[in-house]
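Q:
Numbering (the working numbering), first residue to last: 3 to 771.
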């Protein structure tokens, strides 16, 4: 039968017969189908084409193919609405989705996305193979370069932002954000009135759910997450942590910053974006602030959301301990599911219910994974030396602190760099880095974890400093100074450090000796002299031209003579000066009473000032005290400063006991307490290190206007008046010569006490057992 020669009524009858053969028998089915055919308004040509396709394809109503005349596609759409499940609408030949199919591809029809992906071109701008967008001169532009071409952008009519035009309404341009799009109910989260970002198998999907399900693997850290995106500047898949774009200028504030939100068009930094966010009334605190999240009962600010996340409690409905992110009908706090929230608040990694942080995971799991990535080597596994460091971090106690540490810590970034670039982490590797606070902190953590061996930093830091100091020095001068530092200065400093603890003054003293030697050799070179030519007259001339500090050149002159580099010379020794700064008792005792009674002051400051005013202990000696040095016996408290325990007054004993308890529980941020028995009484910010003496001295000076030297001199003078030099040296750990000088200063005669003590000892020895 030739459809083109038959009448339209006859064609409609034949089409109706073939369609009814595929549909279930129903009294009203022929009327419904006839109404559909009438609505299509088929002409003779269209009806003939549809009839030929139905005659040649028995499965035309259920095959899902998208070929044939366009009248067939419209017919299938209408029949699918009337007879769901009995008719299969046409599907895209590429992705299989139903909908508007306006492009032909491989003999069938395709959606706009699949048709665009099939048209590839070699872009004349980026030089890469991409999806063809437009023709540009003699070549073509890919879609990516076309969207980035700011010359084609226009100011949006609604938001006034210069962006790519995606829609024109009444001839006026609209950007992608402001363009009118129909709203749906998201098939995943169930939120109504959401703009569909994509159409999934279950229906329309909002932008948040769409990106949440698009998990990919980062090529750098190999983490599979929805945060992994194809970065426009590199063209590779990277997570936000591993993506480090080049700094660009913010179009709002004009500062050059790393902007990860946008690298094209009008980049805006995070600070400016935060300032431009709209403000809403927070349903928790009632204040008008920038919205952080939208919960079931309304928008909440960042501070309230963090409070809800950090302080879980018993839900009013289910009594489970959960973040109370909802409200019931009576306004009582409940968890999300009990409040009617259809979102899944269960961490996909640990299975715990929590206010999720990112990628459907809680903060603890995110912090733990990011920490492992930070300590991962180039082979994708944890650096073999850093396994103890991983165990050292305490993620569970405060995951938010760990996340902030990963984001801001400079020594943490240096640790990650070493993990990925250094096969073996040693002290010498750290010494090669420029001196900075982050290297000091990193070395302390690695030593505390056992990765690096213990060493005296006040002495050994001179080695790295010497290399930097000798750089640029004349070759002959550098050779002499290196020999002098290695075999004289450092050798004696290490010997002294084995007998007693070194302090920061040791570092200053060692460097002072080297710089004085270098200054003398520079002066000799300016006078066209050498060390062998140096005589007493020249040395005296150099000494008198400077300060008294130059007398310390004695050490270098003595060493140079022992090495045969110069003749024997004499350097005068400065006279020992007597203490002349003393704290008056009218100030000393009120400060002591305040230390014992004022709870508003820091406990460390109160204890430090009391020990210095009572016993003359220096900040260096106090910061070396440990919790084991404090012990009780017979209801009294003692502290081990010298060879014999020192009895403490009851008021001061209470303070030191409280400080000892705090020191036992102390731990640096993000570092777990390892439960070591020997804890510093004055713990510092660095892991396993005590407080710096200068820090304690500065805090005491700020609290009481108290200087160390006058306070210590007054305390030692008072003690020297009350006890002999031998007892003073025994209790405070002083040298006997120093104790004798303090006793001589106060001119106390202890001969009667010594005679009585000897007589008592003799009487005790003469008594029979």
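Note that beta-carbon positions come from the ideal geometry of N, C-alpha and C, so glycine has one too.
1. The beta strand (DSSP E) with residue 138 in it runs from where to where?
2. Beta-carbon within less than 7 Å of residue 803's beta-carbon, same chain only, minus the 5 sequence neighbours each way: which residues are those?
3. Just mark residue 155 as buried or exposed, buried being the case when its beta carbon has 16 or more other beta carbons within 10 Å.
4. Rounded to a whole number of angstroms, what is the C-alpha to C-alpha distance between residue 566 and residue 490?
5. Is it a yes or a no for the stretch 357–368 touching the stretch 216–233, going by three-plus beta-carbon pairs under 8 Å?
6. What residue range is occupied by the uninterrupted beta strand (DSSP E) comprising residue 110?
7. Residue 206 to residue 184, Cα distance in whole Å?
8. According to DSSP, what are the bridge partners of residue 348?
9. If the criterion is Cβ atoms closer than 7 Å, does the pair residue 722 and residue 745 meet it?
10. May I ask you to list the residues that DSSP assigns as paired with residue 61?
11. Using a Cβ-Cβ cutoff of less than 6 Å, which residues in the same chain neighbour residue 168 once the five nearest sequence positions on both sides are dropped?
12. If you check the beta carbons only, do residue 615 and residue 590 fall under 7 Å apart?
13. CA-CA distance, residue 238 and residue 221?
14. Measuring straight from C-alpha to C-alpha, what distance separates residue 47 and residue 275?
15. Give the single residue among 81, 82, 120 whose Cα lies nearest to the Cα of residue 819.
16. Taking the runs of the beta strand (DSSP E) that are 3 residues or longer, which of them lie wholly in the stretch 641–704?
17. Would you kindly report the start and end of the unbroken beta strand (DSSP E) that includes residue 290?
18. Since I believe residue 407 is in contact with residue 443 (beta carbons under 8 Å), could you give me their beta-carbon distance rounded to a whole number of angstroms?
19. So, are the CB atoms of residue 519 and residue 483 less than 7 Å apart?
20. Using a Cβ-Cβ cut-off of 8 Å (strictly less than) and excluding sequence neighbours within five positions of residue 265, which residues of its own chain qualify?
21. At the level of alpha carbons, what is the spacing between residue 69 and residue 353?
22. Three-state secondary structure (DSSP) at residue 709?
23. Could you tell me if residue 606 is buried or exposed, where buried requires 16 or more neighbouring beta carbons within 10 angstroms of its beta carbon?
24. Just tell me which of 88, 109, 115 has its CA closest to the CA of residue 101.
25. State the start and end residues of the unbroken alpha helix (DSSP H) segment that holds residue 409.
26. Considering only their Cβ atoms, is the gap separating residue 629 from residue 683 smaller than 7 Å?
27. Would you kindly check if the distance between the Cβ of residue 385 and the Cβ of residue 421 is under 7 Å?
28. Along the chain, where does the beta strand (DSSP E) containing residue 282 start, and where does it finish?
29. Compute the beta-carbon to beta-carbon distance between residue 747 and residue 580, rounded to the nearest angstrom, for a pair I have assumed lies under 8 Å.
30. For residue 200, which three-state DSSP category applies?
31. Could you give the distance in angstroms between the alpha-carbon of residue 338 and the alpha-carbon of residue 439?
32. Can you list the beta strand (DSSP E) stretches of 3 or more residues lying completely in the stretch 597–642, in chain order?
33. Between the stretch 31–44 and the stretch 56–63, can you find at least three pairs of beta-carbon atoms closer than 8 Å?
34. Rounded to the nearest angstrom, what separates residue 677 and residue 662 at their Cα positions?
35. Spell out a yes or no on whether the stretch 648–659 and the stretch 522–530 are touching, meaning 3 or more CB-CB pairs, one atom from each, closer than 8 Å.
36. Following a CB-centred definition, is residue 335 positioned closer than 6 Å to any heavy atom of the ligand COA?
A: Reading it off the structure:
1. 131–138
2. Nothing can be reported for residue 803: it is not among the residues displayed for the chain, which extend from 3 to 771.
3. buried
4. 15 Å
5. yes
6. 110–112
7. 11 Å
8. 355
9. yes
10. According to DSSP, residue 61 bridges with nothing at all.
11. 178, 181
12. yes
13. 7 Å
14. 58 Å
15. Residue numbering for the chain in the displayed model covers 3 to 771; residue 819 lies beyond these limits and cannot be assessed.
16. 647–649
17. 290–297
18. Actually they do not touch by this definition, with Cβ atoms about 11 Å apart.
19. yes
20. Note that residue 265 has pLDDT 44, beneath the 50 cutoff, so the model's placement of it is unreliable and no number is given.
21. 48 Å
22. coil
23. buried
24. 115
25. 401–410
26. yes
27. yes
28. 281–283
29. 7 Å
30. strand
31. 45 Å
32. 632–635, 638–642
33. no
34. Unreliable positioning characterises residue 677 in this predicted model, as indicated by a pLDDT of 49, which lies under 50. A coordinate reading is not provided.
35. no
36. The ligand content of the structure shown is nil, which means the ligand COA is not present either.
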